[in-house]
Every structure is written in C-alpha cells, then in structure tokens.
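A short worksheet on the structure shown next.
Number of protein chains: 2
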Amino acid sequence: MKWDDLADQPCSIARSVAVIGDRWTLMILRDAFLGVRRFEAFQTRLGISRTIITERLKLLVDEGVLAKVPYQDRPVRHEYRLTQKGLDLYPVVMAIVHWGDQHYAGQAGAPLLHRHKACGCDFAPVMTCSECHAPVGAREVETRAGPGAA
Amino acid sequence: MKWDDLADQPCSIARSVAVIGDRWTLMILRDAFLGVRRFEAFQTRLGISRTIITERLKLLVDEGVLAKVPYQDRPVRHEYRLTQKGLDLYPVVMAIVHWGDQHYAGQAGAPLLHRHKACGCDFAPVMTCSECHAPVGAREVETRAGPGAA
DNA sequence: GATGGTTCGTCCAGAAACTGAACTTAGGTG
DNA sequence: CACCTAAGTTCAGTTTCTGGACGAACCATC
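If you want it as structure tokens, here you go:
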C-alpha cells in the first residue's frame, strides 16, 4: 500500500490519516489552534523546510481544513484560518495533548493548561458516549461493520 | 527541526506526535484496537513493507504502547498487545474515526459502528469537560502556559 | 529425510520524501 | 538607491520508504 491509497480505504481512520496523519501536518494544526495564521509564523515556530510548510498548507487548504484568506492587498498577503471542518479536529488535538500530558509530562507538569470558559475550570478532555453521556473506555466498546463497509 | 527533536519539545502534542504521528503507526494502532496482534497479520492487512512493520512495532514496544509477549515456544513466537498506555490512546483513535465519519463517509455511511456495552447503543465520541461534564468545542477554551512550559 | 509451510524477521537497491540554502516576486521604508 | 518583509519556488544532497528476496527456526507430510 502507498500513502495515496489510504484515502480510498473503506475506513474512517485511513481516510483521516491520509489528511492529518503526518508529523508536520499535526504540528501545523497545533499551531493553528494556538492562533498561528501566517506562513512565516508557521515556518519560524516549526523551524522546518519552507517546502514542507508550503506543501502541507496546500494539502490542508485543498481538503478544506484551512482556508486561505487575503488580509491585505498590494502586495496581496494571505493567512490560513481553520474552517469548521478544521475546528472539528479539536477533539483529535485535545485527545493527543491529553495523552502526552498523561505519559510524557515531566515532574514539572503539563506545558499547557486549558480553561473551559463556561465553567471557568482548567480541564482535561473526557470521551463520553453520545447516547448515555457516560465516559467510555476502550474495553467497553464493541466494534462491527457499518453501512459504509467494503 | 528534525523528527527526533520533536520528543524534546516542551509540548505534549510534539511529544505524542514523535511516537504516534506517522501514517503507518496510526494504522497499526487502528488494527491493534481491532484485535490484531501478530506481525504477519499487521503486514497482510496493511500491505506495506515488512521493514516498516518491524520498525514501527519496535518503536511502539520501546515506548510502552505495545507489549511483546510470547504465545508459544519452539519456535518462540510473539504477539503485540496494547498496554494500558496503549489503551489510553483510545480517545485519540476514536476522535480520528469520528472526524473521518463526519467528513469522509460516503452516502453509504460509516464503515464501522461502535456499540457502548454499558448502554447498548451505537454511539459517537463526545469530548466533555472533566470538571463540569459539558461538551466542549474549540471556541470555548482558553489555553495558557502551564507549569511544565519551557 | 526431503519438500513444503508458517512466523518473524533482515538485507538491499531503487524510489520517494525531506533538508537547508539560495533565489523570486511584489511591494514598503528611509 | 539600498535594504526590508511576506510568501513562496527551485535545487542538490541526504534521509527514509518501498518491494522483493533471503534467512532462521521450527512443524507436517510423504
């Protein structure tokens, strides 16, 4: 299997991973959620090749995760903003952050804190069931083929 | 920045991405959550180079995400099982699945359904606040530096 | 005891991806 | 005019990934 074949698999993970499943794309998304919007800012913060920034931003724009919008004319300059589809990735990003906090935070603690504006508390993301609203763990779920299976 | 430098960043995303942020690693984890345990099974299901399977499984074992346990002697054969640290990745995997279901499922619907044993319903994962238990969206969160910041 | 099968790898040459550094474009500043 | 910014593009050299062959250790069958 090649990278490009992933998008054609009858699997939501494969199709998502085809878009976001690469080191730099995930780092770009992290920065996007932290408010970074400009090419130069992504490049400076990540310290990676401009080629890769160009390529990954283009992929994310093509997939509708980011939108490229001009913020000035003469010369025209663009910034990259998360679309709704991009914002929908927030649970993915937070789940990754939380796993890192759990298993890779030093004794100093988490590098970032997240405050839920509605209740005012620093929080951790908890995955719950959309039907009964209880927290869900890996062993409490049965997986089976759905209507979109091969 | 090089790939190996990611693990040293004061950022839980970077540290997690250093372990799981690569296409094939995420696909291996998907299969692991679906019950796949053996080298040959991973290789056959993914159809990728055996070299990569070897390398990724080794990384995941070194990181404590998978455990390599013998299931027979003469000849000794191992299988790869999710550890607790690996099971802790379930919210990450489910968040990715859900995003794929939302944005890449065809008209046929989701390729896989997930039933919550406790309530018996097929469900979607919902990210909620650990403190007030309400669902949380990207715009309802303020992020700031924590104790483990650089 | 020779042949073939299973499982879990290793090795290698060629292809693809990534890197750093220089260059381009289109304008703005002093 | 010389220098600066933002957003890329181009390119040679390096690293990583790929498919396919090969190896090791055992089992089954004839």
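Residue numbers (this note's numbering), protein chains in the order written: chain A, 23 to 172; chain B, 23 to 172.
The beta-carbon is built from N, C-alpha and C at its ideal position, and this holds for glycine as well.
Hey, is arginine 72/A's beta-carbon within less than 8 angstroms of any beta-carbon in chain B?
-> No - not a single Cβ of chain B is within 8 angstroms of the one on arginine 72/A.
Can tyrosine 112/A and alanine 54/A be called in contact, C-beta distance under 8 angstroms?
-> Result no, Cβ atoms of tyrosine 112/A and alanine 54/A do not sit closer than 8 angstroms.
What residues are listed by DSSP as bridge partners for lysine 90/B?
-> The partner list for lysine 90/B (beta bridge, DSSP) reads Tyr102/B.
Any C-beta of chain A sitting closer than 8 angstroms to the C-beta of alanine 156/B?
-> Yes, alanine 156/B counts as interfacial toward chain A.
Secondary structure at glycine 131/B, three-state DSSP: helix, strand or coil?
-> Note: glycine 131/B maps to strand in three-state DSSP.
By how many angstroms is the C-alpha of isoleucine 118/A removed from the C-alpha of leucine 51/A?
-> Rounded to whole angstroms, leucine 51/A to isoleucine 118/A spans 12 angstroms at the Cα level.
Short CB-CB distance (under 8 angstroms) between leucine 88/A and chain B = Chain B contact via Cβ: absent.
Closest Cβ-Cβ distance between glutamate 62/A and chain B: below 8 angstroms?
-> By this cut-off, glutamate 62/A is not an interface position.
Alpha-carbon to alpha-carbon, alanine 167/B and alanine 160/A | Each residue's Cα considered, the two are about 30 angstroms apart.
Starting from cysteine 143/B, follow its DSSP beta bridges and name the residues at the other end.
-> The partner list for cysteine 143/B (beta bridge, DSSP) is empty, contrary to what the question assumes.
Determine whether the Cβ of glutamate 101/A lies closer than 8 angstroms to any Cβ atom of chain B.
-> Interface with chain B (8 angstroms Cβ-Cβ cutoff): glutamate 101/A is excluded.
Report yes or no: do the region 33 to 48 of chain A and the region 34 to 43 of chain B share at least 3 C-beta pairs separated by less than 8 angstroms?
-> Output reads yes: the region 34 to 43 of chain B touches the region 33 to 48 of chain A.
Would you kindly check if the distance between the Cβ of valine 148/A and the Cβ of glycine 157/A is under 8 angstroms?
-> Position check: residue 157/A holds proline in this sequence, whereas glycine was assumed. Proline 157/A is a Cβ neighbour of valine 148/A, given a cutoff of 8 angstroms.
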